[in-house]
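Here's the structure, in structure tokens; my notes come after.
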Amino acid sequence: MPEFDSTRLDAEFSTYRAAMLPAITPDGPTAVRRTVRHRRRRAAMAVAAALVVAVAVPVAGQAGLRRDPGPPATATPTPSDSPSPTPTPTPSVSAAPQAPDGRIERTELLAATVDLPTWGDLPERPDGKACASRGIRLNGDPVSDDPNLLVEMGYGDVDRDGATETVVLVRCLLGTRGPAQVVAFDRDTVGRIVTLGRVAATADPTPEWLIGLEVRADGITRVAMADRAPGPGWPLERSQRQWRGYRWDGSRFRQTEGPKGFGPNPYAADLSVSSSNLALTREPGDSFAGTIEVRVRNASAGEVAEAVLSFDLPWQLRPVGDGWKRCRENMADALVPYRCTLGRLAPHADIRLTLGLKRGQGTPLASGKATVELFGSGADGTALLERERDDNLATFTHYYS
78 MPEFDSTRLD
88 AEFSTYRAAM
98 LPAITPDGPT
108 AVRRTVRHRR
118 RRAAMAVAAA
128 LVVAVAVPVA
138 GQAGLRRDPG
148 PPATATPTPS
158 DSPSPTPTPT
168 PSVSAAPQAP
178 DGRIERTELL
188 AATVDLPTWG
198 DLPERPDGKA
208 CASRGIRLNG
218 DPVSDDPNLL
228 VEMGYGDVDR
238 DGATETVVLV
248 RCLLGTRGPA
258 QVVAFDRDTV
268 GRIVTLGRVA
278 ATADPTPEWL
288 IGLEVRADGI
298 TRVAMADRAP
308 GPGWPLERSQ
318 RQWRGYRWDG
328 SRFRQTEGPK
338 GFGPNPYAAD
348 LSVSSSNLAL
358 TREPGDSFAG
368 TIEVRVRNAS
378 AGEVAEAVLS
388 FDLPWQLRPV
398 GDGWKRCREN
408 MADALVPYRC
418 TLGRLAPHAD
428 IRLTLGLKRG
438 QGTPLASGKA
448 TVELFGSGAD
458 GTALLERERD
468 DNLATFTHYY
478 S
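If you want it as structure tokens, here you go:
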């Protein structure tokens with residue numbers, strides 16, 4: 078650059094500074110404080126905005142967590158030439174039919190006509206008459222002429238179908254005795270009373286008596302029974318008792334609990350006696366003598382501690398001969414009625430005795446009848462009770478041959 082040009086530029090800058098410097102005024106303290114306040118206000122606003130963002134983000138996150146996201150988004154299927162598969166319909170499930178309610182109240186049962194399992198295979202009534210079982214009405218009065226007595230009722234789900242059935246104890250009654258059975262009733266689909274089946278029954282020789290029943294929650298029907306029926310001369314306290322449980326197997330009731338039978342009853346016996354007739358023949362010295370065959374039986378399974386024969390004879394007839402040696406008494410000194418104590422009878426014992434009888438001289442005796450009776454007692458001396466005592470007495474005829 079030529080020297081004169083540089084000299085000219087320096088002169089121009091000097092003129093510019095001289096003109097502008099007096100117009101420039103530096104910031105004083107007031108200007109500085111204003112600037113500082115402005116910068117602080119901008120910083121506070123920035124911090125507040127940051128706090129708002131910090132609080133809003135977690136809240137929005139929690140709201141997003143609580144919100145049901147709904148089904149996941151699926152991609153839009155790509156159009157295809159093949160048709161989409163037809164959805165398979167869900168088969169409808171029909172509810173199982175509900176079992177009919179077989180709970181039958183007492184008044185309704187007594188008013189209904191029902192069928193019972195046949196009585197034909199059970200012991201007969203004491204009068205020998207058959208018990209009705211088809212199209213009958215049960216009787217709730219023990220003194221009524223109708224023998225089918227409703228003794229007791231129970232309820233429970235005995236066939237395990239989810240509904241209640243009715244179980245009853247029925248006795249074909251004559252006086253205070255008679256065969257009995259426990260029967261279960263149900264309803265059909267239209268509400269009619271139907272017979273489900275026999276649970277338990279009396280039998281020969283045991284049980285002679287059904288006492289009561291109960292139906293458990295597990296469907297077991299329990300029946301209380303006794304080996305001997307109560308009656309004249311036999312209190313129920315002397316009977317052996319037990320519970321037996323029965324369950325429905327789909328076709329009949331089967332015993333599933335309890336003993337299968339009774340042991341010998343220590344208070345009972347089943348004794349019998351029989352005798353042949355007495356044929357008296359003449360002996361020297363105008364006397365007459367003969368023998369009778371006496372049979373003693375213990376038909377029970379228990380022992381008889383002591384058996385005694387009692388003879389009701391005319392006073393003209395006296396025991397003679399060795400046949401009486403089986404007796405503990407001295408028949409030479411015995412008086413009418415003669416007692417022959419045999420002692421122990423084993424279970425099912427069968428004893429035969431040949432006993433001589435003689436009519437003394439000068440003691441006229443017409444032909445007639447006499448009796449022999451059999452008694453039994455237990456180990457404690459208590460008289461043994463018997464269901465039937467008709468066969469404990471035998472009658473024989475004495476006559477002259």
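Okay, so the sequence shown: first residue is 78 according to this note's numbering, each after it adds one.
Using N, Cα and C, we set each Cβ at its ideal position, and we do this for glycine too.
The model shown is predicted, which means the values in this text are computed figures rather than measured ones.
The alpha carbon of G398 has as its nearest neighbour, out of Y415, A207, T431, the alpha carbon of T431. Close CB contacts of D304 within its chain, under the 7 Å cut and outside five residues either way in sequence, are with T283, P284, E285, S316, Q317, F339, N342 (chain order). Our two residues, D363 and G437, have alpha carbons roughly 8 Å apart in a direct line. Taking 8 Å as the upper bound for CB-CB distance, T448 and D389 are in contact here, some 5 Å apart. For E380, the CB contacts under 8 Å within the same chain, skipping 5 residues up- and downstream, are P341, R421, L422, A423, P424 in chain order. Only residues of its own chain outside the window of five on either side were considered, and among them L246, R248 have a CB closer than 6 Å to the CB of V228, listed in chain order. When DSSP reads this structure, K435 sits in a beta bridge with A366, R395. Its chain contains G212, I213, R214 as the residues whose beta carbon lies nearer than 8 Å to that of T190, once the 5 sequence neighbours on both sides are disregarded; these appear in chain order. For L348, no alpha helix (DSSP H) encloses it; the enclosing beta strand (DSSP E) starts and ends at 348–352.
Here the C-alpha atom of M230 lies approximately 31 Å from the C-alpha atom of E465. A buried status is given to A257, since no fewer than 16 other beta-carbon atoms sit within 10 Å of its beta-carbon. A straight-line Cα-Cα distance of about 16 Å links R202 and P309.
Contact between the segment 267–282 and the segment 217–225 is absent: fewer than 3 CB-CB pairs across the two stretches fall below 8 Å. In this model, S328 and W320 are separated by some 23 Å (Cα to Cα). Residue V385 holds the alpha-carbon nearest to the alpha-carbon of R372 among V385, E360, F365, A366. In the three-state scheme derived from DSSP, where H, G and I count as helix and E and B as strand, E334 is classed as strand. R315: not part of any alpha helix (DSSP H); DSSP gives it neither H nor E. In the three-state reduction of the DSSP assignment, L226 falls in the strand class.
By DSSP's assignment, A278 forms a beta bridge with Q258.
Here the alpha carbons of I428 and I288 stand approximately 37 Å from one another.
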